[in-house]
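Going letter by letter, the sequence shown gives residues 438 to 720 in the numbering used here.
Written below as structure tokens is the structure these notes are about.
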Amino acid sequence: MTQDKRTGAVLDYYNAHPISEQQILEKLQRDGLNSKDLTEDILQNYDQDHYGGTDANDALAELTGLRESDHVLDVCCGLGGPSRYLAHKYDCRVTGIDLTESRIVGARRLTEMTRLDGRVDFQTGNALSMPFEDATFDVLISQEAFCHIPDKGQLVAECARVTKPDGRFAFTDILVTPRVTEDIRTRLLAGMAFQELNSTESYAATLEREGFEVVEVQNLAEPWRIILSERLKMYRGLKDQTVERYGQAHFDKWDSAYSFFVGLYETGELSGGRFLARRRPAT
Ligand SMILES: C[S@@+](CC[C@H](N)C(=O)[O-])C[C@H]1O[C@@H](n2cnc3c(N)ncnc32)[C@H](O)[C@@H]1O
Numbered sequence: 438m439t440q441d442k443r444t445g446a447v448l449d450y451y452n453a454h455p456i457s458e459q460q461i462l463e464k465l466q467r468d469g470l471n472s473k474d475l476t477e478d479i480l481q482n483y484d485q486d487h488y489g490g491t492d493a494n495d496a497l498a499e500l501t502g503l504r505e506s507d508h509v510l511d512v513c514c515g516l517g518g519p520s521r522y523l524a525h526k527y528d529c530r531v532t533g534i535d536l537t538e539s540r541i542v543g544a545r546r547l548t549e550m551t552r553l554d555g556r557v558d559f560q561t562g563n564a565l566s567m568p569f570e571d572a573t574f575d576v577l578i579s580q581e582a583f584c585h586i587p588d589k590g591q592l593v594a595e596c597a598r599v600t601k602p603d604g605r606f607a608f609t610d611i612l613v614t615p616r617v618t619e620d621i622r623t624r625l626l627a628g629m630a631f632q633e634l635n636s637t638e639s640y641a642a643t644l645e646r647e648g649f650e651v652v653e654v655q656n657l658a659e660p661w662r663i664i665l666s667e668r669l670k671m672y673r674g675l676k677d678q679t680v681e682r683y684g685q686a687h688f689d690k691w692d693s694a695y696s697f698f699v700g701l702y703e704t705g706e707l708s709g710g711r712f713l714a715r716r717r718p719a720t
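Structure follows, in structure tokens:
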């Protein structure tokens, strides 16, 4: 598959994702909440597109020792749920970047609604080539997104470039175990737009090679196994909305790909990891 086709597959996947700005606003309305009075304390329960909700954001904040004076880059920020949460709770400044324009449009609108746009801003862009100066950010975070990015060496090098010396980089991602087969990787590429999946060891080696020192790695296989089966139920609960918006065939294709993915956590082919790395000062 060419680079353009791979990028196109990720865009198609997120432009038709069951979690969207529209779906969030509809759910708020169904719960009797008026978007005019929206606050981050409310929205944070609706807009997190990763595993573990706001607790997962706190885990990254704690790992990095997040401070008010930090400028954070949320790499692959999606609709901006973690960006808003961190800015609101830790009083820091956050910039989010995402490949999918519709995600950034939604992120900006949701941020204006919660009046956090003075401290949180967003840009459309590819994490493999980011529109930021060298050594701009104190902290980089990312959640459940690097699986969609094909070249982890280039990705980590680009993350290193925009991080200040001694800056902190904390992220979570879907990982493979030695049990994963080529056939499984191919199905995950077709069904979930996962371009390249790494193991704990290959990530650690890439981080060390591209300018970071690995400080800590946490194994998330078991908590994610539990979270993912709940998430599958949640997506199935959105069936009517998804069918109405994208059609039955889309829902069936999505459901089949997602349940295959979730099953791989039950059988141990997939795992998850939370990494903390520190940017080595230039020598
Ligand atoms: C599972 S969502 C995570 C969103 C967000 N991190 C959160 O936790 O709510 C993954 C996001 O990665 C973005 N993405 C995928 N490939 C990317 C790339 N090469 N550069 C920037 N963003 C990318 C997608 O557009 C999508 O919004």
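Every residue, glycine too, gets a C-beta built ideally from N, C-alpha and C.
query                                                                                                                                : result
If we ignore side chains and look at the alpha-carbon of each, how far apart do Tyr-450 and Met-629 end up?                          : 7 Å
Given that a residue counts as buried once 16 or more other Cβ atoms are within 10 Å of its Cβ, and exposed if not, what is Pro-602? : exposed
Exposed or buried, which one is Glu-667 when buried takes at least 16 other CB atoms within 10 Å?                                    : exposed
Check for me: the beta strand (DSSP E) holding Pro-602 runs from which residue to which?                                             : 600-613
Please look up how many angstroms separate the CB atoms of Gly-518 and Pro-660, rounded, as I've assumed it's under 8 Å.             : No, Gly-518 and Pro-660 are not in contact; Cβ-Cβ is about 19 Å, not under 8 Å.
Just to confirm before moving on: does the CB-CB distance between Ser-708 and Ala-658 stay below 8 Å?                                : yes
At what residues does the beta strand (DSSP E) containing Asp-558 begin and finish?                                                  : 557-561
Per DSSP, which one or two residues make a beta bridge with Glu-595?                                                                 : Glu-595 is not bridged to any residue.
Give the DSSP-derived three-state secondary structure of Phe-717 in the structure shown.                                             : Note on identity: in this sequence residue 717 is Arg, with Phe being the wrong assignment. If DSSP states are grouped into helix, strand and coil, Arg-717 belongs with coil.
With a cut-off of 8 Å on the beta carbons, I'd call Gly-590 and Glu-647 a contact; round off their distance for me.                  : 6 Å
Inspect the beta-carbon positions of Asp-535 and Gly-515 and report whether they are closer than 8 Å.                                : yes
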